[in-house]
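Asker: The numbers in the sequence shown follow my numbering, run straight up by one, and end at 1710. Have a look at this one.
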Amino acid sequence: MSTTVDRAQIEALVRSAIQQAQSGSSQPSPSAPVLSGAPGGEPLGWVNGKPNLRVSISARHCHLTDEHVEILFGRGSVLEPDKDLYQDGFYAAKQTVMVVGPRRRMLPNVRVLGPTRPASQLELAFTDSISLGIDAPVRHSGKIEGTPGCVLVGPAGSVQLDRGVIRAARHVHMNDHDAAFYGVSNGDMMQLVVKSQDCSVIFDDVLVREDKAAKLEVHIDTDEGNACNLDAATEVTIQPMPKPCACGH
């Protein structure tokens, strides 16, 4: 699907809207942590001698390169931290962009996350991609080869991405102590079990992203969070994916 949009159309369609968005009310943080235990504990993020599982809903957001930050927000611009995320060193920036898809469909006020990256990337939920008219594939962060693009518009300019629009696959951040506790390694798949009244859900294929500086946190998107009514969940657990039974079923 072509995502080429004439720049004159972009200016006419979105300039006033994006300027209003930049000076108006801000969108909630793209990472909304919903379940966590008491603070303290060792190793990093542990409580009472065991991992402290946190599950966060990650709303639509984008990552930008240094070059694209300057194009969108003006020469010399850098990302301005607005709210720290649960993972140390990562933050929701004050800046937002407007996203323009095929047939001039738009999403305003899409939050930028920092720090900057080597390649710009837009992460959407399935309903977001439908709204934009983009067939975004499910991918893990950074795996953008062969993905569709879009147009990003800021108060100082616009950027046409040839690729980088994905539906972020669910994943879990953890450190080496967490991994040892659960008996998993970087790249393994786990299973997230969410118990909510009348809409409990088991999410398979939760990718392990292991890093020594990480704290135990699962990221799911807004569609997944709504499907299991995560805000009202009574229990969440994570475990290695069950092994196939001997009969092969």
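From the three backbone atoms N, C-alpha and C, an ideal C-beta is built for every residue, glycine too. Here the structure is a predicted model, which means the values were calculated and not measured.
#1: Measure how close the beta-carbons of residue 1668 and residue 1632 come, nearest whole angstrom, since I'm counting them as under 8 angstroms.
#2: Beta strand (DSSP E) containing residue 1575: first to last residue?
#3: Have a look at 1628, 1546 and 1556 and flag the residue whose alpha-carbon is nearest the alpha-carbon of residue 1603.
#4: Compare the beta carbon distance of residue 1654 and residue 1688 with 8 angstroms and say whether it is the shorter of the two.
#5: Mind checking residue 1658: buried by the 16 CB within 10 Å criterion, or exposed?
#6: Residue 1678 bridges to which residues according to DSSP?
#7: Quick one, are the C-beta atoms of residue 1644 and residue 1703 less than 8 angstroms apart?
#8: Whose C-beta lies closer than 7 angstroms to the C-beta of residue 1587 among residues of the same chain, with five residues either side of it excluded?
#9: Excluding the five sequence neighbours on either side, which residues of its own chain have a C-beta within less than 7 angstroms of the C-beta of residue 1618, listed in chain order?
#10: Please confirm whether residue 1573 and residue 1558 have their CB atoms less than 8 angstroms apart.
#11: Please list, in chain order, all residues of the same chain as residue 1566 whose beta carbon is under 8 angstroms from its beta carbon, the five residues on each side excluded.
#12: Pull up the DSSP beta-bridge partners for residue 1552, would you.
#13: Kindly indicate which residue of 1634, 1581 and 1615 has the alpha-carbon position closest to the one of residue 1608.
#14: Might you give, ordered along the chain, the residues of its own chain that have their beta carbon closer than 7 angstroms to the beta carbon of residue 1505, omitting 5 neighbours on each side?
#15: What are the boundary residues of the beta strand (DSSP E) that residue 1629 is part of?
#16: Just mark residue 1705 as buried or exposed, buried being the case when its beta carbon has 16 or more other beta carbons within 10 Å.
#17: Which residue wins for smallest C-alpha separation from residue 1583, given the options 1550, 1621 and 1616?
#18: With DSSP run on the structure shown, which of helix, strand or coil describes residue 1614?
#19: For residue 1605, I'd like the list of residues in its chain whose CB is within less than 7 angstroms of its CB, leaving aside the five on either flank, ordered along the chain.
Answerer: On the basis of the supplied data:
#1: The beta carbons of residue 1668 and residue 1632 sit about 4 angstroms from each other, so the pair counts as a contact at 8 angstroms.
#2: 1567-1575
#3: 1628
#4: No, these two residues do not count as a Cβ contact at 8 angstroms.
#5: Exposed.
#6: 1515 and 1634
#7: no
#8: 1628 and 1684
#9: Around residue 1618: 1532 and 1533.
#10: yes
#11: Excluding residues within five positions, the ones whose Cβ falls inside 8 angstroms are 1592, 1593 and 1594.
#12: 1545 and 1575
#13: 1581
#14: 1636 and 1676
#15: Where residue 1629 is concerned, the enclosing beta strand (DSSP E) stretches over 1626-1629.
#16: Counting other Cβ atoms within 10 Å of its Cβ, residue 1705 stays below 16 and is therefore classed as exposed.
#17: 1621
#18: strand
#19: 1580, 1582, 1624, 1625 and 1627
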